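Participant: Using full-length UniProt numbering, you'd call the opening residue of the sequence shown number 1 and step up by one each time. This structure is in structure tokens; I'll ask about it shortly.
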Amino acid sequence: MNDKERHGMTALSTDGAWAGRRVLVTGAGGFIGSHLTERLVRAGAEVRAMVRYTGRSDLGMLADVDPEVRRSVEVVHSDITDPFAVRRAIADCDTVFHLAALIAIPYSYVAPASYVATNVTGTLNVLEAARDLGVRRLVHTSTSETYGTARYTPIDEDHPIQPQSPYSASKIGADAMAESFYRSFDLPVAVIRPFNTYGPRQSARAVIPTVAAQVVAGREKIALGDLRPVRDLTYVTDTAAGFMAVAAADQCVGQVTNIGNGRGITIGDLARLIAEVAGRPDIDIVEDSQRLRPPQSEVFELIAGTERARERCGWEPTVSLRQGLTEVVDYVRANLGRFDVDRYVV
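Below is the structure:
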């Protein structure tokens with residue numbers, strides 16, 4: 001990758017439209033949230049980052065953000081399930097990006113009630129506070145998992161919704177609450193529906209860092225779940241740009257907008273591509289039964305229809321899959337100690 005290509009992946013927007021705007025990012029300590037927070041700061045926004053409270057005052061992935069950027073962020077340690085805390089966090093903010101959620105699908109089989117509390121009730125707390133405080137724009141984060149296994153591809157925003165896991169059911173409920181507040185109270189809420197996002201800072205819970213860590217660590221075999229599902233993968237800086245584009249576009253208010261590449265790859269082929277990028281193309285890939293979803297819960301094909309993203313807000317992805325995977329492999333090599341390659345992370 002040449003310097004120009006790398007700069008295009010890592011340099012963040014300096015769009016003057018965000019200069020001086022007061023913005024809240026819930027879930028700012030997460031993978032996408034940390035990248036979005038960084039991009040907003042570099043664009044000139046005054047960012048308040050809502051991070052889930054722990055006794056360690058953990059910043060999550062915000063700890064990996066450039067220290068100069070991080071010093072510009074107002075960090076609020078809080079909890080999305082507390083309506084009073086949410087209201088305080090939103091106060092005086094012009095725009096809210098709501099990313100806080102429980103997202104691990106395997107754990108949703110274990111503790112579904114916690115997903116309802118965080119993803120549905122937490123979203124209700126955000127909606128109520130945004131309505132009462134007169135927020136100019138709220139971007140609510142959905143997920144391609146709400147579509148379930150594709151009935152047709154590419155999957156456009158009119159595709160039927162299918163709850164195939166407690167996680168996806170909770171996100172469907174949250175999306176419905178957002179739509180209801182738009183229709184009932186004219187709340188200026190836009191729903192963004194990212195397909196699978198990947199990149200530096202992503203946890204080993206996700207398939208790409210899981211594979212990359214095992215390859216970089218020198219394992220002879222890569223242990224994965226089902227190798228057949230097809231996923232549409234977007235590099236995280238492109239996804240962050242999508243959030244900002246959706247927030248800026250009036251045409252996205254009251255609508256769901258997909259963010260994806262419009263191309264799919266099987267998990268098996270993805271693992272082989274990661275191994276190739278890492279210089280180990282001959283590594284064995286094996287199926288690990290403990291990583292399999294229940295048969296009726298597995299989502300077998302997700303390929304985004306992105307025409308409306310282009311039409312409504314002018315968003316298109318810019319980073320190729322090979323370029324993005326190269327960045328991930330480099331990140332994992334530099335941070336291998338953070339990955340427990342011998343343990344399945346739920």
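Here a beta-carbon is modelled for each residue, glycine too, at the ideal position from N, C-alpha and C. These numbers come from a predicted model, not from an experiment.
Give a yes or no on contact between the stretch 46–54 and the stretch 245–257, applying the rule of three or more CB pairs nearer than 8 Å.
Facilitator: The stretch 46–54 is not in contact with the stretch 245–257.
Participant: Just how far apart, CA to CA, sit A19 and V86?
Facilitator: Position 19 of the sequence shown, counted from the start, is the residue given in the question as residue 19. Position 86 of the sequence shown, counted from the start, is the residue given in the question as residue 86. Cα to Cα, A19 sits roughly 24 Å from V86.
Participant: Using C-beta distances below 6 Å, list every residue in its chain close to G173, excluding the 5 sequence neighbours before and after it, in chain order.
Facilitator: Within the sequence shown, the letter at position 173 stands for residue 173. V120, listed in sequence order.
Participant: Taking 8 Å as the cut-off, decide whether the C-beta atoms of G225 and E287 are in contact.
Facilitator: As a first step, residue 225 is located in the sequence shown; it is residue number 225 there, counting from the start. As a first step, residue 287 is located in the sequence shown; it is residue number 287 there, counting from the start. Cβ atoms of G225 and E287: closer than 8 Å.
Participant: Only counting the same chain, and skipping five residues up and downstream in sequence, which positions put a Cβ closer than 8 Å to that of M177?
Facilitator: Translated into the one-based positions of the sequence shown, residue 177 becomes position 177. So the qualifying residues of the chain are V120, T123, L124 and L127.
Participant: Decide yes or no for the touch test of the stretch 230–247 against the stretch 180–195: beta carbon pairs closer than 8 Å, at least 3 of them.
Facilitator: The stretch 230–247 is in contact with the stretch 180–195.
Participant: I need the boundaries of the beta strand (DSSP E) containing N196, first residue and last residue.
Facilitator: What you label residue 196 is simply residue 196 of the sequence shown in a count that begins at 1. Taken as a continuous stretch (DSSP letters only), the beta strand (DSSP E) holding N196 covers N196 to Y198.
Participant: Buried or exposed: where does A223 fall if 16 or more other Cβ atoms within 10 Å of its Cβ makes it buried?
Facilitator: Translated into the one-based positions of the sequence shown, residue 223 becomes position 223. Looking at its Cβ environment, which holds 16 or more other Cβ atoms inside 10 Å, A223 is buried.
Participant: Less than 8 Å between the C-beta atoms of R231 and I267, yes or no?
Facilitator: Taking the sequence shown and counting its residues from 1, one reaches residue 231 at position 231. Taking the sequence shown and counting its residues from 1, one reaches residue 267 at position 267. Yes, the pair counts as a contact, with Cβ atoms nearer than the cut-off.
Participant: DSSP on P26, reduced to helix/strand/coil?
Facilitator: On the sequence shown, position 26 is the one that residue 26 refers to. Reading off the sequence shown, one finds Thr at residue 26, where the question assumed Pro. In the structure shown, T26 sits in a strand (DSSP, three-state: E or B).
Participant: Could you check what DSSP says for N258 in three-state terms: helix, strand or coil?
Facilitator: Start at 1 with the first residue of the sequence shown, and residue 258 comes out as number 258. Residue state, collapsed to three classes: strand.
Participant: Here's a check: name, in chain order, each residue in its chain whose Cβ is nearer than 8 Å to the Cβ of E5, leaving out the five neighbours to either side.
Facilitator: Working through the sequence shown from its first residue, we reach residue 5 at position 5. Caution is warranted here: a pLDDT of 36 is assigned to E5, below 50, making its placement in the model unreliable, and the coordinate value is therefore given only provisionally. Correct list, in chain order: Q323.
Participant: Counting only beta-carbon atoms, is A309 nearer than 8 Å to chain B?
Facilitator: Considering every chain present, this structure includes no chain B. It has just one protein chain.
Participant: Leaving out five residues before and five after T143 in sequence, what residues of the same chain have Cβ atoms less than 6 Å from its Cβ?
Facilitator: Looking up residue 143 in the sequence shown gives position 143. Cβ neighbours of T143 beyond the five flanking positions: K171.
Participant: Cβ of V216 within 8 Å of Cβ of V329?
Facilitator: Here residue 216 corresponds to residue number 216 of the sequence shown, with the count starting at 1. Here residue 329 corresponds to residue number 329 of the sequence shown, with the count starting at 1. Contact: yes.
Participant: Look up L302 in the DSSP assignment and say whether it is helix, strand or coil.
Facilitator: On the sequence shown, residue 302 is found 302 positions in, with the first residue counted as 1. Looking at L302 - three-state DSSP - the assignment turns out to be coil, as it is neither helix nor strand.
Participant: Between the Cα of A334 and the Cα atoms of A117, T306, R201 and A104, which residue gives the shortest distance?
Facilitator: Along the sequence shown, read from residue 1 onward, the residue named residue 334 stands at position 334. Closest by alpha carbon: R201.
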